[in-house]
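S.K.: Position 289 of the sequence shown, counted from 1, bears residue number 293 in the working numbering, the numbering being contiguous throughout.
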Amino acid sequence: MSYIVGHPIKRPQDFYGRHEQVTRFYEIVGGAQAQSLSILGLRRAGKTSFLRYVAQPQVMARYLPDPQAYTFIYLDMSACKSPADFYQRLLVHLKASLGQVGALPEAPLLWRQSPPGAASLFDAETLLCHFPERRVVLLLDEFDQLRRDSFDQDFLIELRAMTGVLDYDLACVTASYWDLYYLGSRVGLPPTSPFYNIFYPTPIYLSGLETAAIEALVRSPAQREGVSFDKEAMATIRTLAGSLPFFLQATAAKWLQHDKGSAESLDGDVALGQLTAELAPYFEQWWRHFDAGDQEVLRCVAYQIATEMLPYTHFEIEAAIRRLGSYGLLYQEAGQLAINGALFATWIREFSQVTENRAKEMAMMGNTADPAGLRQALIDYFSLDELRTLCFDLGIDFEELPGTSKGAKARDLVQYWRNRRDLNRLVEAIRHERGAIV
Numbered sequence: 005m006s007y008i009v010g011h012p013i014k015r016p017q018d019f020y021g022r023h024e025q026v027t028r029f030y031e032i033v034g035g036a037q038a039q040s041l042s043i044l045g046l047r048r049a050g051k052t053s054f055l056r057y058v059a060q061p062q063v064m065a066r067y068l069p070d071p072q073a074y075t076f077i078y079l080d081m082s083a084c085k086s087p088a089d090f091y092q093r094l095l096v097h098l099k100a101s102l103g104q105v106g107a108l109p110e111a112p113l114l115w116r117q118s119p120p121g122a123a124s125l126f127d128a129e130t131l132l133c134h135f136p137e138r139r140v141v142l143l144l145d146e147f148d149q150l151r152r153d154s155f156d157q158d159f160l161i162e163l164r165a166m167t168g169v170l171d172y173d174l175a176c177v178t179a180s181y182w183d184l185y186y187l188g189s190r191v192g193l194p195p196t197s198p199f200y201n202i203f204y205p206t207p208i209y210l211s212g213l214e215t216a217a218i219e220a221l222v223r224s225p226a227q228r229e230g231v232s233f234d235k236e237a238m239a240t241i242r243t244l245a246g247s248l249p250f251f252l253q254a255t256a257a258k259w260l261q262h263d264k265g266s267a268e269s270l271d272g273d274v275a276l277g278q279l280t281a282e283l284a285p286y287f288e289q290w291w292r293h294f295d296a297g298d299q300e301v302l303r304c305v306a307y308q309i310a311t312e313m314l315p316y317t318h319f320e321i322e323a324a325i326r327r328l329g330s331y332g333l334l335y336q337e338a339g340q341l342a343i344n345g346a347l348f349a350t351w352i353r354e355f356s357q358v359t360e361n362r363a364k365e366m367a368m369m370g371n372t373a374d375p376a377g378l379r380q381a382l383i384d385y386f387s388l389d390e391l392r393t394l395c396f397d398l399g400i401d402f403e404e405l406p407g408t409s410k411g412a413k414a415r416d417l418v419q420y421w422r423n424r425r426d427l428n429r430l431v432e433a434i435r436h437e438r439g440a441i442v
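(1) Classify Glu137 as helix, strand or coil using the three-state DSSP reduction.
(2) With DSSP as the reference, identify every bridge partner of Ser40, one or two as the case may be.
(3) Taking only three categories from DSSP, how would you classify Cys84?
(4) Relative to the alpha-carbon of Ser247, which residue among Lys85, Ala254, Glu214 has its alpha-carbon at the smallest distance?
(5) Going by beta-carbon coordinates alone, are Leu41 and Ile208 separated by less than 8 Å?
(6) Kindly identify the DSSP beta-bridge partner or partners of Gln17.
(7) So, Phe54 versus Leu210, is the Cβ gap smaller than 8 Å?
(8) Using a Cβ-Cβ cut-off of 7 Å (strictly less than) and excluding sequence neighbours within five positions of Arg228, which residues of its own chain qualify?
(9) What are the residues that DSSP puts in a beta bridge with Cys176?
(10) For Thr75, list the residues DSSP reports as bridge partners.
(11) Mapping the DSSP letters down to three states, classify Ala367 as helix, strand or coil.
(12) Please name the residue in Gln336, Ala414, Gly212 whose C-alpha comes closest to that of Lys51.
(13) Sorted by chain position, which residues of the same chain lie with C-beta nearer than 6 Å to Leu98's C-beta, five sequence neighbours on each side aside?
(14) For the pair the region 153 to 170 and the region 192 to 201, tell me if three or more CB-CB distances fall below 8 Å.
(15) Should Ala324 be labelled buried (16 or more other beta-carbon atoms within 10 Å of its own) or exposed?
(16) Mapping the DSSP letters down to three states, classify Leu108 as helix, strand or coil.
(17) Can the beta-carbon of Asp173 be found less than 8 Å from the beta-carbon of Arg138?
(18) I need the DSSP call for Gln308, collapsed to helix, strand or coil.
(19) Closer than 8 Å is the cut-off here; do at least three beta carbon pairs connect the region 16 to 34 with the region 217 to 226?
(20) Going by Cα to Cα distance, which pick from Arg190, Phe250, Ser189, Tyr185 is closest to Ile202?
(21) Cα separation between Leu143 and Ala175?
(22) Here's the rule: buried if 16 or more other CB atoms are within 10 angstroms of the residue's CB, otherwise exposed. What is Lys364?
(23) With a threshold of 8 Å, are at least 3 pairs of Cβ atoms found where one atom belongs to the region 376 to 384 and the other to the region 415 to 434?
(24) Rounded to whole angstroms, what's the CA-CA distance from Ala376 to Arg353? Just pull it up for me.
(25) Alpha helix (DSSP H) containing Gln337: first to last residue?
(26) Out of Cys84, Ile13, Val140, which has the shortest C-alpha to C-alpha gap to Gly35?
(27) For Ile343, write down the residues that DSSP places opposite it in a beta bridge.
(28) Is it the case that the region 221 to 241 contacts the region 250 to 269, given that we only count it when at least three CB pairs across the two stretches are under 8 Å?
(29) May I ask which residues mark the beginning and end of the alpha helix (DSSP H) holding Thr393?
(30) Classify Tyr209 as helix, strand or coil using the three-state DSSP reduction.
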């Protein structure tokens with residue numbers, strides 16, 4: 005199969021589009037002074053492929069005047085179990101990469117590396133100081149993993165310290181779904197921390213591909229297998245998948261498979277039903293990470309209901325629309341908001357089962373429940389494991405709630421829904437499990 009569906013892109017020739025984002029990336033990290041930056045995108049938006057693409061020597065040569073002066077180090081943060089593990093992996097990659105571009109100075113290293121399991125910032129800095137003329141760019145993929153208990157604010161403070169040392173030149177590029185301020189808050193870092201100052205003010209979002217890139221991504225792999233999609237097929241693939249590369253590839257792959265085995269054209273409605281069911285796990289993964297406001301905005305757009313009905317301020321709704329647009333989920337069509345791709349729009353309608361009457365009910369709902377009473381009910385009537393199940397049913401990551409005790413989890417679960425002005429949803433879930441105890 006010529007389409008690469010799911011795995012990160014390895015060869016530059018298989019990477020399509022993103023010219024604007026790639027250009028911006030090199031402008032930031034390749035300037036007179038290295039700057040750190042954040043790359044944001046949904047799951048399956050192509051963040052890993054992007055990081056691996058910009059680190060390719062032939063790509064660097066097109067954008068950097070002196071690519072030999074740069075060393076890009078890719079690290080998957082989901083594989084790093086602790087800060088010590090991170091530094092150990094970083095040291096291994098630094099030694100391998102820096103050793104390929106030039107031997108270490110004749111003078112021996114003036115430090116003894118920490119034993120395995122105890123690597124630290126000191127080890128990394130000492131090694132980097134031996135290469136003052138080289139610009140090292142850390143590509144930190146899956147940066148969302150910092151939410152794990154093994155990482156705390158000290159780790160982020162150390163990352164900032166590494167970028168400020170004058171004896172070497174280093175920048176950090178993070179790739180995540182959550183923005184850095186949210187991730188920092190999960191590990192106790194205050195919003196006033198100087199950590200955020202090292203990053204370029206605006207992140208690079210990996211939203212949908214441009215029209216020319218979509219055309220190439222869909223047509224080229226099929227042509228390599230002797231299949232040429234007509235205009236009708238191209239239009240249907242684009243309508244169903246939207247403009248995010250993973251879903252374009254998955255949809256085009258189904259068309260290619262059908263066209264190679266049948267003389268008849270694939271019916272768009274049949275493909276819509278099949279692909280929506282097949283890709284549902286990815287949409288569900290997205291949905292669990294959206295807050296209540298984002299979910300309700302998406303529902304309204306999918307059902308063509310005015311977002312003004314929602315129980316949020318105009319500012320909150322506009323912020324959600326901008327955020328969802330940046331991620332490539334919403335776009336303007338004929339002056340109206342639309343979902344990017346019929347597959348996702350169909351999944352929203354089937355998943356949420358929201359009608360216009362329901363939307364009006366949501367607009368009239370208020371936070372009439374007593375937060376203190378809800379917290380106490382969760383403590384009195386739910387075990388810690390049952391709270392975990394309740395969070396799962398509500399689409400919340402239990403591990404993302406601060407604290408470890410049942411009381412802390414209960415308090416923050418109530419606060420989560422209180423902040424979203426939707427305590428009634430928590431009340432409904434509690435009553436579903438325990439009856440009218442609240």
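Where a beta carbon is used, it is the ideal one built from N, C-alpha and C, also for glycine.
Model, not experiment: these values are computed from the prediction.
M.R.: This is what the structure gives:
(1) Translated into positions along the sequence shown, residue 137 becomes position 133. DSSP places Glu137 in coil when its eight states are reduced to three.
(2) Numbered from 1 along the sequence shown, position 36 holds the residue referred to as residue 40. Paired residue(s): Phe203.
(3) Within the sequence shown, residue 84 is the residue found at index 80, counting from 1. Three-state DSSP puts Cys84 in coil, outside helix and strand.
(4) Along the sequence shown, one-based indexing puts residue 247 at 243. It is Glu214.
(5) As a first step, residue 41 must be located in the sequence shown, where it is residue number 37. As a first step, residue 208 must be located in the sequence shown, where it is residue number 204. A contact, by the Cβ cut-off of 8 Å.
(6) Looking up residue 17 in the sequence shown gives position 13. Per DSSP, none; premise fails for Gln17.
(7) Here residue 54 refers to the residue found at position 50 of the sequence shown. Here residue 210 refers to the residue found at position 206 of the sequence shown. Yes, Cβ-Cβ distance for Phe54 and Leu210 is below 8 Å.
(8) To locate residue 228, count along the sequence shown from 1; it is residue 224. If we look at Arg228 and ignore the five residues flanking it on each side, its Cβ neighbours are Ser6.
(9) Locating residue 176 in the sequence shown gives position 172, where the first residue counts as 1. DSSP output for Cys176 lists Leu142 as bridge partner(s).
(10) Numbered from 1 along the sequence shown, position 71 holds the residue referred to as residue 75. Val140, per the DSSP bridge assignment.
(11) Taking the sequence shown and counting its residues from 1, one reaches residue 367 at position 363. In this prediction, Ala367 has a pLDDT of 45, which is less than 50 and means its spatial position is unreliable; what the coordinates show is noted afterwards. Helix.
(12) Here residue 51 refers to the residue found at position 47 of the sequence shown. Measuring from the Cα of Lys51, the nearest candidate turns out to be Gly212.
(13) Numbered from 1 along the sequence shown, position 94 holds the residue referred to as residue 98. Taken in chain order, the residues that qualify are Leu131.
(14) yes
(15) Residue 324 sits at position 320 when you count from the first residue of the sequence shown. Buried, because 16 or more other Cβ atoms sit within 10 Å of the Cβ of Ala324.
(16) Counting from one through the sequence shown, the residue named residue 108 turns up at place 104. Its pLDDT being 48, under 50, Leu108 is placed unreliably by the model, and nothing is read from it.
(17) If you number the sequence shown from 1, residue 173 lands on position 169. If you number the sequence shown from 1, residue 138 lands on position 134. Taking 8 Å as the Cβ cut-off, Asp173 and Arg138 qualify as a contacting pair.
(18) For the purposes of this step, residue 308 is identified with residue 304 of the sequence shown, where counting begins at 1. Here Gln308 sits in coil by DSSP.
(19) yes
(20) For the purposes of this step, residue 202 is taken as residue 198 along the sequence shown, with counting starting at 1. Considering only alpha carbons, the answer is Tyr185.
(21) Counted from its first residue, the sequence shown places residue 143 at position 139. Counted from its first residue, the sequence shown places residue 175 at position 171. Taking the straight line joining both Cα atoms gives about 9 Å.
(22) For the purposes of this step, residue 364 is taken as the residue at position 360 of the sequence shown. Residue confidence for Lys364 is low, a pLDDT of 48 falling below 50, so the modelled location carries little weight; the figure read from the coordinates is stated next. Under this definition Lys364 is an exposed residue.
(23) yes
(24) Residue 376 sits at position 372 when you count from the first residue of the sequence shown. Residue 353 sits at position 349 when you count from the first residue of the sequence shown. Distance between Ala376 and Arg353, taken at the CA atoms: about 34 Å.
(25) One-based indexing of the sequence shown puts residue 337 at position 333. According to the sequence shown, residue 337 is Glu rather than Gln. From DSSP, Glu337 is part of no alpha helix (DSSP H) but of the beta strand (DSSP E) over 334 to 337.
(26) The residue labelled residue 35 in the question sits at position 31 within the sequence shown. Closest by alpha carbon: Val140.
(27) What you label residue 343 is simply residue 339 of the sequence shown in a count that begins at 1. In the DSSP output, where bridge partners are listed per residue, Ile343 has Leu334.
(28) yes
(29) Working through the sequence shown from its first residue, we reach residue 393 at position 389. Looking at the DSSP string, the run of the alpha helix (DSSP H) that includes Thr393 is 388 to 397.
(30) Position 205 of the sequence shown, counting from 1, holds the residue named residue 209. Residue state, collapsed to three classes: strand.
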